[in-house]
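If you're matching positions, the sequence shown starts at 0 in numbering that gives the first Met the number 0 and goes up one per residue.
Ideal Cβ placement from N, Cα and C applies to all residues, glycine included.
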Amino acid sequence: MVAPGDGLVSGDTLFGVHGAALEVRSQRMGVLASNIANASTPGFKARDIDFQSALASVENDGSTSAATKYRVPTQTSMDGNTVELSQEQTAFAENAVQYQTTLSFLNGRIGQITRALKGE
């Protein structure tokens with residue numbers, strides 16, 4: 000029987016914080032996409048996920064709900080919608096790049112582990 004810490008890599012430490020970061024970025028992408036999709040829905044309140052808070056929450060309890068906040072618009076709309084399309088599109092694009100960067104890192108890590116297992 001192998002005891003914890005005997006040199007084997009557990010799922011939690013295999014990818015470090017990057018697995019949780021990918022999960023948070025994925026959830027944020029969904030929230031931002033919802034904001035963009037509802038840009039013309041009267042009364043819709045734009046939301047966003049604070050990445051640092053969400054990452055800490057995911058590592059502690061697996062949830063990002065505490066890190067999801069409503070956006071405060073810079074320009075109010077007559078119909079109560081708080082989505083500012085240009086801001087949402089910029090946040091979505093930035094998050095997509097960060098998601099891809101994290102995914103590339105994880106793919107590289109998986110490649111290293113695969114080569115090590117093959118003895119290359």
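Per DSSP, the unbroken beta strand (DSSP E) holding residue 68 starts and ends at 67 to 69. Assignment of residue 47 by DSSP, reduced to helix, strand and coil, places it in the strand class. For residue 36, the three-state secondary structure derived from DSSP is helix. Under the three-state reduction of DSSP output, residue 61 falls in the coil class, being neither helix nor strand. In the three-state reduction of the DSSP assignment, residue 94 falls in the helix class, which pools H, G and I.
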